[in-house]
Every structure is written in C-alpha cells, then in structure tokens.
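Those protein sequence lines, which keep their order, are chains R and E. Just so you know, numbering that gives the first Met the number 0 puts 62 at position 63 of the first sequence, and the rest follows in order with no gaps. Just so you know, numbering that gives the first Met the number 0 puts 217 at position 218 of the second sequence, and the rest follows in order with no gaps. Ideal Cβ placement from N, Cα and C applies to all residues, glycine included. This structure is a prediction, so every number in the text was calculated from the model and none was measured.
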Amino acid sequence: MVFKEKTSNIVTLLKMSKYLLKISLRYPLNFIADFFELALWVAIFTTAMLLFSSPETTFNGVSPASFALWGFVIYVFISDVLWSIGGGLRYDQITGILEQNFLAPINEYIYPLARLFRIYVRDIPLILFIPIAFWLFTGEFIAKNIFLSIYILIISVLGFIGFGYIYAAAIIHMKRSAIVTNIIQFLLMVFGAIFYPFSALPSQTIIISKLLPFSYYIDLFRATIIGITPELISGEVELMGFLMSPLAAELLITHVMTIILLIVGLKTYKYSIKVAKRNGTLHSF
Amino acid sequence: MLQVVKAVFKLRWKYLTRYPGWLIIFIILPIVFSVIPIVLGWAVAGSPQQAAINFKMNVGTSNYTLFMILGSLTWLLSVSIMWDFGMWIREEQEMGTLEQLLLTPVSPVELLVSSNLWALFNSAMQFLIALFVAGILFNFIGLLFTPAMVLTLVYLILGVFPLAGFALLIGSLILKIREAEAILRLLEPGIAFLVGIFYPVTLMPTVIRTIALLIPLTISLQDMRAVLLNISYIFNPQLDLLILLIYCALWPLLGTKAFNYVEKKAKKEGGLGGF
Numbered sequence: 000m001v002f003k004e005k006t007s008n009i010v011t012l013l014k015m016s017k018y019l020l021k022i023s024l025r026y027p028l029n030f031i032a033d034f035f036e037l038a039l040w041v042a043i044f045t046t047a048m049l050l051f052s053s054p055e056t057t058f059n060g061v062s063p064a065s066f067a068l069w070g071f072v073i074y075v076f077i078s079d080v081l082w083s084i085g086g087g088l089r090y091d092q093i094t095g096i097l098e099q100n101f102l103a104p105i106n107e108y109i110y111p112l113a114r115l116f117r118i119y120v121r122d123i124p125l126i127l128f129i130p131i132a133f134w135l136f137t138g139e140f141i142a143k144n145i146f147l148s149i150y151i152l153i154i155s156v157l158g159f160i161g162f163g164y165i166y167a168a169a170i171i172h173m174k175r176s177a178i179v180t181n182i183i184q185f186l187l188m189v190f191g192a193i194f195y196p197f198s199a200l201p202s203q204t205i206i207i208s209k210l211l212p213f214s215y216y217i218d219l220f221r222a223t224i225i226g227i228t229p230e231l232i233s234g235e236v237e238l239m240g241f242l243m244s245p246l247a248a249e250l251l252i253t254h255v256m257t258i259i260l261l262i263v264g265l266k267t268y269k270y271s272i273k274v275a276k277r278n279g280t281l282h283s284f
Numbered sequence: 000m001l002q003v004v005k006a007v008f009k010l011r012w013k014y015l016t017r018y019p020g021w022l023i024i025f026i027i028l029p030i031v032f033s034v035i036p037i038v039l040g041w042a043v044a045g046s047p048q049q050a051a052i053n054f055k056m057n058v059g060t061s062n063y064t065l066f067m068i069l070g071s072l073t074w075l076l077s078v079s080i081m082w083d084f085g086m087w088i089r090e091e092q093e094m095g096t097l098e099q100l101l102l103t104p105v106s107p108v109e110l111l112v113s114s115n116l117w118a119l120f121n122s123a124m125q126f127l128i129a130l131f132v133a134g135i136l137f138n139f140i141g142l143l144f145t146p147a148m149v150l151t152l153v154y155l156i157l158g159v160f161p162l163a164g165f166a167l168l169i170g171s172l173i174l175k176i177r178e179a180e181a182i183l184r185l186l187e188p189g190i191a192f193l194v195g196i197f198y199p200v201t202l203m204p205t206v207i208r209t210i211a212l213l214i215p216l217t218i219s220l221q222d223m224r225a226v227l228l229n230i231s232y233i234f235n236p237q238l239d240l241l242i243l244l245i246y247c248a249l250w251p252l253l254g255t256k257a258f259n260y261v262e263k264k265a266k267k268e269g270g271l272g273g274f
C-alpha cells in the first residue's frame, strides 16, 4: 500500500514536471537566454577582473578565476531552487491558479518539487557550458575529485531543496518572493563568496560567511573540485575524541545541515499550507 | 494628458508603496553588485592598495569604487526602465487587463508616455539616492558636491531620456513575441556588456565599440566617469553632447513608431490579451 502510494507520488511528480516543462517550452527564447546571459556575465566579470590583474596572484596556488567558475556553478543551483520555488508559487498566485492547485487531490510536497524540473532539464547542459565559457575567456580549467564533487553537489541540492520548502512556506505568507530572493542572493554573492575565495573577504566579515549555511556547501564543493583545503575550516577539528580534517569536518557539517533543512523545510511548509487554507489566503496577493 | 500622467503616477506610486522592499533593493543592489568586481579585484591584485595601482595603470584612475558604482548604477537605471515598462505590459497581459486598458477612451500614446515618464522618474530617483548612499559608504561623497556633478547630471539626463524610446521599442517587441522575461534577461547582460559597466568601453574592439555607441547610455556613462574621474571621453565633450541630443530625438521617435505599428496590428488580429 505504502509502496503504491510512493509510486503514485513519483508518477504525479513526473506528470507535473512534464506539464511545467511543456509550458516553459512554449517560450524557447528563455532557454537561449540562459546560455547567452551566462556567457555575457562571464565576459563582463572576467574583463573587470583583468583590470586589477597582476599575473603572480594566486590563492593556495590556484588562480581566482577557478574560484569564480566553480562558485558560479553551485550558485546556478541555489539560484534555481530559490527562483523556481519562490517565483513559481508567486506566479501561480498572480495568475490565480495557486488555490486550485492546492485543492487538487495530490500530495502538497510535490507541488514545489515539480517546479524544480529546471534543475534536471536546464542546469545539466548549463553546468557543462559554464566551464567552456570560462575556459574561452580565461584559458583556465581545473576539475579534480569529480565523483566526490558530484556527490557533494547532490547533497547540496538536497539541502537547497530543504531550504526551498522553508522558503516556499515563507512566500505563501509574505507574498514577496522576488524581494526575498534578491536579498538572499545578495547575501550569498557578497558573504557566500560566490565569485572569489573566502580569503579575499575582509577578516571581520568572515564570521558572517561562517553563519550562512550555504557558505559551507559553496566552500566544500569548490575546495573539493579545485583540489585544495576548505577555507572556512582551516585546521583539524576534534569531535568526541576524533580528529577530523577540514574536508571531513565540512562534509559532516553539510550532511547534518541537509538533514536539518529537509526536516524543518517539510514541517514548516506543511504548517504554512494548513494555515493558509484555514485563513483562505492562498489566492490573495 | 496631464490628467493621465497624474493618474498613472498615482497608481504606480500606490504599487511602489505596496511593496516598499523594492525601494531598498534598488538602493542596495547596485552597491552589492559593485562590491563583487571590487572584491574580485582585491583577490586578483592581492590587496586593495595593489588593486588601485593596477587599476590606475589600466584605466587611468585609482578610484575604482566610484568607477564601478557609476557603472552598476547606470546599468541598473536602464534595467529598471526596461523592466518597469516592459514588465508592466507583460503583467497587464498576464492579469488580463492589457486589452481593457488599451480600449479605454484614453489614447494609448498618452498611457505609454505616462508610464514611461514614471519609469524615468522612478529610476532617476533611485540612481541619485543609491549614488549618495554609496558615496557615504565608500567615502566619495565629497566628489558629489562639486560643480562637476552638475555636468554629470546633464550627461545622465541626456543618456536616460532616449531610453524612453528604447523601452517603447522593447514594449512593442514584448507585444509581438510575448517572451518578455527572456528578452529582458538577454538585454540586461547585453547592455551591461556593451556600455561597459565595470570597464571603459574604449578597451573593447572597434566592432563592439561601434555597436555600443548606438546605446545612449554608453556615451553617458563614459562621459560621467570622464567628468568625475578625469579619464578620457568617448570622442570629446562637445561631440558627445551633440550625439546624445540627436539620440534624445531619434530613439523616442523610433520607439513610438514601432509601438504604434505593433499595437495597431495586435488590435486588428485580436491578440492583445493572450499570453
């Protein structure tokens, strides 16, 4: 019975993803825009970076361009979760279909999850394209520990989805998706050190970076794929008598954080829908 | 006409105050946006001091914060005007009110001009507020209270005014293609790349530079930087002003013609409400 229910949920998820994909394919220019937009931003930031350049500058023996490249890759996923879930819910609210969708006899968790179809459809070719664009502009490309990096990326995306549910819960009540998404993105761009190493930030702001959960995902993924020691935890950490390397410590932090984000996300999301249904505020904007 | 402008301003002001967070975003966004290349620059150069030395060698000024802030503010100004106007059409389309709006006894041109005037006013205010906030944060506020600032504002106004025509052109494109978001998403980095938000356009190859000069903001931005930071003008102050004045007449004319054509066609074919 439980198995049957789970299978039916997966089928519903696929059907909803297919439906949303169909709508987005109605606007093919969007897909083209994704690629050009990225290539142009890469060109803009690379040119800006060159104005400050002195060839001998490296971080842990790695040029800043590699930090920007892999920071950018993980940022695409974070940004997509935020915009797909937040922006998607808001769009349905404005076009007046949110309430009907939530009244349909489907599992309410599937609704935001289906919106993430972008991650599987669009982001995979995109993350293959970003390194090529970077390589064309900077002539640099480093990719080590591929399997571990992909594993970290999967754990990170699960964590982002957990956060996405918390975010969806907040959007249902606050109805300010674009503003909140922008604020989160600003914080990440500056303190999450997306485009530069954490060590380039002034020392007094590192504490803010360490307080942002996303920073650990960014740092761990980037350090692993570049093949350097993570920056946020620099020395060995002792936990219950065990000594852990910075990499192991960050792996532990990200796993624990993913579990917490998923549990808290699912709970708050369910609660927010219950409240919105009770108060009849799903449709209002 | 004045009544329409007043009504549109009143309506848009209501929208704006309904979501006050956007105001804060528009002040913070260009500052955060400028911080990225600045910190990236520190990372590349090794220290803020070395960054200033390298930047002076390449650009001709060591005041890279003001250089970057002016760039991102000008870019955001153009984005804001395009979104304000382009997305207004799209939102009305999505909510199903565009057709009704264009069928009211008010002339569509009056509606468009009013909406465009609001976009210009709103964006220019955001530009000035953000510039002063950035001036306080990055310690260049003194530069904003010099006579050079008056000339800077002249360049800004002459660069912004033709954008109204540019926005109309985009508006007509949105009515025709309906992929407003994609068009604007392509234009945002496209304009940023061409006008040189983080670098002088004079560094670009001739072909790109020639295309960039068709955008009024390219001249406006480079000349604002030239006035405040003593770097080179696009051509020379007089010629640049003359080109900007020509653009002030040319772009709105082109935009109005294109919009009228598309709107007339859409009304005839009955495709205004669909999205």
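Going by beta-carbon coordinates alone, are residue i and residue j separated by less than 8 Å?
| i | j | result |
| --- | --- | --- |
| E/Ser171 | E/Val261 | yes |
| E/Val149 | R/Ala199 | no |
| E/Val194 | E/Ala181 | no |
| E/Leu72 | E/Ala129 | yes |
| R/Gly70 | R/Arg221 | yes |
| E/Val3 | E/Leu167 | no |
| R/Phe133 | R/Leu68 | yes |
| E/Tyr155 | E/Ser122 | Before going on, a small fix: residue 155 of chain E reads as Leu here, not Tyr. It is not a contact, given that the beta carbons lie outside the stated cut-off. |
| R/Ile96 | R/Phe213 | no |
| E/Asn138 | R/Phe51 | no |
| E/Asp222 | E/Ile207 | no |
| R/Tyr195 | R/Phe66 | yes |
| R/Ser208 | R/Leu238 | no |
| E/Ile245 | E/Ile218 | no |
| R/Tyr215 | R/Ile154 | no |
| R/Thr45 | R/Ala168 | no |
| R/Ile171 | R/Ile272 | yes |
| E/Leu240 | E/Leu69 | no |
| E/Leu143 | E/Phe131 | yes |
According to DSSP, simplified to helix, strand and coil, what is residue i?
| i | result |
| --- | --- |
| E/Phe274 | Because E/Phe274 carries a pLDDT of 49, less than 50, the predicted location of this residue cannot be relied on, and no value is offered for it. |
| R/Leu242 | strand |
| R/Glu98 | helix |
| E/Val105 | coil |
| E/Glu262 | helix |
| R/Tyr139 | The identity of residue 139 of chain R in the sequence shown is Glu, whereas the question assumes Tyr. R/Glu139: coil per DSSP, three-state reduction. |
| E/Glu187 | helix |
| R/Glu237 | strand |
Since I believe residue j is in contact with residue i (beta carbons under 8 Å), could you give me their beta-carbon distance rounded to a whole number of angstroms?
| i | j | result |
| --- | --- | --- |
| E/Pro188 | R/Ile43 | 7 Å |
| R/Val75 | R/Ile126 | 7 Å |
| R/Leu37 | R/Phe128 | 7 Å |
| E/Ile26 | E/Gln125 | 7 Å |
| R/Phe101 | R/Leu19 | The Cβ separation is near 16 Å, so there is no contact. |
| E/Ile196 | E/Ile214 | The pair is not a contact, with the Cβ atoms about 12 Å apart (cut-off 8 Å). |
| R/Leu260 | E/Phe192 | With a Cβ gap of about 36 Å, R/Leu260 and E/Phe192 do not count as contacting. |
| R/Pro141 | R/Ile217 | Looking at the sequence itself, residue 141 of chain R is Ile, so the reference to Pro does not match. Actually they are not in contact, since the Cβ atoms of R/Ile141 and R/Ile217 sit about 16 Å apart, beyond 8 Å. |
| R/Leu242 | R/Glu235 | 5 Å |
| E/Ala133 | E/Ile30 | 5 Å |
| E/Val58 | E/Pro199 | 6 Å |
* To do: Count the C-beta pairs between the segment 90 to 102 of chain R and the segment 63 to 71 of chain E that are closer than 8 Å, then say yes if the count reaches three, no if not.
  => Contact between the segment 90 to 102 of chain R and the segment 63 to 71 of chain E is absent: fewer than three C-beta pairs spanning the two stretches fall below 8 Å.
* Asked: With a cut-off of 8 Å, do at least 3 Cβ pairs link the segment 213 to 229 of chain E to the segment 73 to 85 of chain R?
  -> At 8 Å Cβ cutoff, the stretches do not touch.
* **the segment 186 to 204 of chain R in contact with the segment 94 to 112 of chain R per 3-pair CB rule at 8 Å** => Cβ pair count under 8 Å is below three, so no.
* On the three-pair Cβ rule with 8 Å, is the segment 243 to 251 of chain E touching the segment 158 to 165 of chain E? -> Contact between the segment 243 to 251 of chain E and the segment 158 to 165 of chain E is present, because at least three Cβ pairs lie under 8 Å.
* For the segment 187 to 206 of chain R, enumerate the residues whose C-beta is nearer than 7 Å to any C-beta of chain E, in chain order. => With the criterion set as a beta carbon lying under 7 Å from some beta carbon of chain E, the members of the segment 187 to 206 of chain R are Met188, Val189, Phe194, Tyr195, Pro196, Ala199 and Leu200, in sequence order.
* For the segment 38 to 57 of chain E, which residues have a beta carbon sitting closer than 7 Å to at least one beta carbon of chain R? -> Result list: Val38, Leu39, Gly40, Trp41, Ala42, Val43, Ala44, Gly45, Gln49, Ala50, Asn53, Phe54 and Asn57.
* Should the segment 249 to 264 of chain R be called in touch with the segment 155 to 173 of chain R, which here means at least 3 C-beta pairs below 8 Å? -> In this structure the segment 249 to 264 of chain R lies against the segment 155 to 173 of chain R, because at least three pairs of beta carbons, one per stretch, are closer than 8 Å.
* Which residues, taken in chain order from the segment 27 to 44 of chain R, show a beta carbon closer than 7 Å to some beta carbon of chain E? -> Listed in sequence order: Leu28, Asn29, Ala32, Phe35, Glu36, Leu39, Trp40, Ala42, Ile43 and Phe44.
* Asked: Of all the residues that make up the segment 145 to 172 of chain R, which are near chain E by a beta-carbon distance shorter than 7 Å?
  -> Taking 7 Å as the Cβ-Cβ cut-off against chain E, none of the residues of the segment 145 to 172 of chain R qualify.
* Meets three-Cβ-pair contact criterion under 8 Å: the segment 40 to 53 of chain E and the segment 77 to 84 of chain E -> The segment 40 to 53 of chain E, when compared against the segment 77 to 84 of chain E, does not touch it at the 8 Å Cβ threshold.
* Report yes or no: do three or more beta-carbon pairs, one from the segment 16 to 24 of chain E and one from the segment 134 to 146 of chain R, lie closer than 8 Å? => No, the segment 16 to 24 of chain E is not in contact with the segment 134 to 146 of chain R.
* To do: Output, in sequence order along the chain, the residues in the segment 206 to 217 of chain E whose CB is closer than 8 Å to any CB in chain R.
  => Those residues of the segment 206 to 217 of chain E that come within reach of chain R (Cβ to Cβ, closer than 8 Å) do not exist; the list is empty.
* Asked: What residues in the segment 105 to 139 of chain E bring their beta carbon closer than 8 Å to a beta carbon of chain R?
  -> Here the close residues number zero.
* Asked: What residues in the segment 178 to 198 of chain E bring their beta carbon closer than 8 Å to a beta carbon of chain R?
  -> Against chain R - using a Cβ distance shorter than 8 Å - the residues of the segment 178 to 198 of chain E are Glu178, Glu180, Ala181, Ile182, Arg184, Leu185, Glu187, Pro188, Gly189, Ala191, Phe192, Ile196, Phe197 and Tyr198.
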